[in-house]
Structure formats: C-alpha cells, structure tokens
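Read top to bottom, the protein sequences are chains F and Y. Each residue of the first sequence is one higher than the one before, starting from 1 at the first, in our numbering. Each residue of the second sequence is one higher than the one before, starting from 1 at the first, in our numbering. Just so it is clear, CB atoms sit at the ideal spot from N, CA and C, and this is done for glycine as well.
There are 2 protein chains.
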Amino acid sequence: MEAPTALDWSTENCQVGRVMDLLGRPSVVVVLREVVNGVRRFEDMRRHAGLSRQVLTDRLTLLVDHGVLRRAPYRDEGSRERQEYRLTDKGFELYPTLVALAAFGARWYADPDGPATRMEHRGCGATVHPVMECAHGHRVDDPRDVTPAPGPGARPAGRGAAGDRA
Amino acid sequence: MEAPTALDWSTENCQVGRVMDLLGRPSVVVVLREVVNGVRRFEDMRRHAGLSRQVLTDRLTLLVDHGVLRRAPYRDEGSRERQEYRLTDKGFELYPTLVALAAFGARWYADPDGPATRMEHRGCGATVHPVMECAHGHRVDDPRDVTPAPGPGARPAGRGAAGDRA
Chain F
1 MEAPTALDWS TENCQVGRVM DLLGRPSVVV VLREVVNGVR RFEDMRRHAG
51 LSRQVLTDRL TLLVDHGVLR RAPYRDEGSR ERQEYRLTDK GFELYPTLVA
101 LAAFGARWYA DPDGPATRME HRGCGATVHP VMECAHGHRV DDPRDVTPAP
151 GPGARPAGRG AAGDRA
Chain Y
1 MEAPTALDWS TENCQVGRVM DLLGRPSVVV VLREVVNGVR RFEDMRRHAG
51 LSRQVLTDRL TLLVDHGVLR RAPYRDEGSR ERQEYRLTDK GFELYPTLVA
101 LAAFGARWYA DPDGPATRME HRGCGATVHP VMECAHGHRV DDPRDVTPAP
151 GPGARPAGRG AAGDRA
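Set out below in structure tokens:
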C-alpha cells in the first residue's frame, strides 16, 4: 500500500490542533455551555456544572485569553462589583461547533427519554442541526463526499516527522 | 436580575458533557484527524502527530471503546499481521463537528498564509463549511437566533446543584 499523502504534510501548524489546544481540555466546553445557557456568574457556573473553583477559574481564564469569553461587571444590590462572563463575537462563531456537538450527542449519548438539551431556532422553536455546505453552494449530506486536503498554509513534513519514513 | 432558567435543569445527563468526556481530552481529536486524513497505522500516527506511544495507545483505545474507530487487520509483505484504525459509521457522523472545528480554526488559528488543512468537497473541490439549519428547514445564519432549551430528557436540578440557590 502506498503511504497516505497526508504524511507529506506537517501537522505542526494544523488549525484543528490549535483549536483543540483550547477546546480539547476537560471542562472547557462545559464552561462554554454554561455561558451559552445564560449561566454567566462564577458561583452559578460552579454549582450548576459541578466544577471546583480551581478548575473553573483556570478554564474561564483560558477562554478569556483566547477571546472567546469576555468579562463584564455587574453589581447585585448591597454587594460589591463582580464580573460575569459573556460570549464575544468570536465565541458566537463557535455555535456551529456547539450545534454539531449537541446533535452528535443527542444521537449517541442521550438517555432513553431523549437529550437533556436542544438547540432551538428562536421564534420558530424547531431544533437546529448542523449541515455541511461547500463554497460552491452544494449541500453535502454524505461525509464520504468530504475529504481533507492541504490548505494554503500547508507545510511539507520535516525530517523526524513523516520525512524519515522508509 | 432573575436567575437564568438553565439553573432549574440538571447538567448531570447533558449529552454535550458526555461527548466532551471523549472529545474534550487532549489529543483525542488530533488522533481522529489522523484517521480522517488517511493516516491509519500506529507508527505513522505517532510520528505524524508527534504523540507518545502511551498517549496514542490510550486515545485509540478510548476511540475504539466509544465506537468511533474500529480496528482492521493488515499485513505488509514479510511482516506479521497488524491492526490499523478506521472510522465507523458513528465516526463519520463526527464530520459536521470536524468541519466546524476546521472552519473556526481557519478563521482564528491559521498562520498568515492560511489554514494548513481544508475540508474539500470531493469532485467539486470547493471548501466545505458548516451551516446551521432547523428541523423546519430554515437556514440559521445568525448564532443569536439559536437558543439552548431543555430537551425531552431534561431533569430538574437537584438540591446541591441549582436547587440550593437562594
């Protein structure tokens, strides 16, 4: 069998790997889910998601550092000013990913009575699901019609990666 | 301010949380990316993705246990039989998620010369991106038109979670 052509290309600057440096850590998407659900305050998130202070603090800092969340001040009557967390515009761009995760989870990880959460089309009320479409406007229903290809930033694999392959 | 209604519902059986028990671990999506890219053999994956044997073994086992990957035997001339890894049908259902991650990454985590990878429409050649659509057939372009809602499996939050909220 011939070697897969992907081995000719470096994974070093793969944008999916970089996104997963953020989202591929335990509880990061869970914290994001809380904010998307309107749970924006530290104590609410901590109790609702069942996270430790330390983990929650770390994940919120990470999401703010990546520009996915921003801090916004609020003050309850008689209390000092505190910070709550809101999605940035970049954060809102994660909706297709979150919708895809909710749909995949609904199909494979729900209880017998159905998924705990659904993403709803505001106003219409129907559940939102992910669809794939290409830049030429074709709808792509079969994942087998999608194939990864080197992008404009692809770099040849160096030695020590695929380069030393026999 | 009134408490967010999400606090009335338990996060315990949230399907997104359960999916992230798999995908929200370091290197899981990276391993998935390798297989999607046609890099199916242990040694190739290890070198191409730059993972340790131990991490790669662990993540492959996890992906097989979840039914996202399956093992398939192969034999190179003069060698003993080995196993390679392939996507299951369930694994193919992760394409909308992977397409969404690749698109988000292309926009926010690519080098100046562009993303290292693109998802291509086979035959047509155009880049595939994620679109949101509701069950009534409406295309949803603005994430602000999507709102999470309790699904059929939603459970009221117990005490100790949001239940003990003042």
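- For residue 117/F, the enclosing beta strand (DSSP E) starts and ends at 117 to 121.
- Annotated three-state conformation of residue 149/F is strand, per DSSP.
- Linking residue 66/Y to residue 25/F through their CA atoms gives a straight-line distance of about 18 Å.
- Look at residue 7/F: its C-beta is under 8 Å from a C-beta on chain Y.
- Here residue 77/F is exposed, its C-beta having fewer than 16 other C-beta atoms within 10 Å.
- Shown here, residue 143/Y sits in a helix according to DSSP, grouped into three states.
- For the C-beta of residue 114/F, the chain Y residues within less than 8 Å are, from N- to C-terminus, 151, 152, 153.
- Going by beta carbons, residue 5/Y and residue 49/F fall outside the 8 Å limit.
- Taking 8 Å as the upper bound on Cβ-Cβ separation, chain Y lies near residues 90, 92, 93, 94, 95, 96, 97, 98, 99, 100, 101, 102, 103, 104, 105, 106 of the stretch 81 to 106 of chain F.
- Listed along chain Y are 105, 109, each with a C-beta nearer than 7 Å to that of residue 18/F.
- Note: residue 132/Y is bridge-paired with 130/F, 140/Y in the DSSP secondary-structure output.
- With a threshold of 16 other beta carbon atoms within 10 Å, residue 61/F falls short and is exposed.
- When C-beta atoms of the stretch 133 to 145 of chain F are compared with those of the stretch 85 to 102 of chain Y, three or more pairs fall below 8 Å, so the two segments count as touching.
- As far as DSSP is concerned, residue 15/Y takes part in no beta bridge.
- At the C-beta level, residue 131/F and residue 139/F come within 8 Å of one another.
- In the three-state scheme derived from DSSP, where H, G and I count as helix and E and B as strand, residue 156/Y is classed as strand.
- Spatial neighbours of residue 32/Y in its own chain (CB-CB distance under 6 Å, excluding positions within 5 residues in sequence) are not present.
- For the stretch 128 to 143 of chain Y, the set of residues with a beta-carbon nearer than 9 Å to any beta-carbon of chain F comprises 128, 129, 130, 131, 132, 133, 134, 135, 136, 137, 138, 139, 140, 142, 143, in chain order.
- The straight-line gap separating the alpha-carbon atoms of residue 116/Y and residue 155/Y is approximately 42 Å.
- Residues of chain F with a Cβ closer than 7 Å to the Cβ of residue 36/Y are, in chain order, 148.
- Among the residues facing chain Y, residue 158/F is not included, as its CB has no counterpart in that chain under 8 Å away.
- Following the DSSP letters along the chain, one finds residue 33/F inside the alpha helix (DSSP H) bounded by residues 28 to 36.
- Contact annotation for residue 120/Y against chain F: 134, 146, 147, 148, 149 [CB-CB distance below 9 Å, chain order].
- Burial is judged here by how many other beta carbons sit within 10 angstroms of a residue's own beta carbon; residue 15/Y has at least 16 and is buried.
- Around the Cβ of residue 44/F, a 10 Å sphere holds 16 or more other Cβ atoms; the residue is buried.
- Identification of residues in the stretch 44 to 57 of chain Y having a C-beta nearer than 9 Å to some C-beta of chain F yields 44, 47, 48, 49, 50, given in sequence order.
- Contact of residue 29/Y with chain F by beta-carbon distance below 7 Å involves 16, 20, 24.
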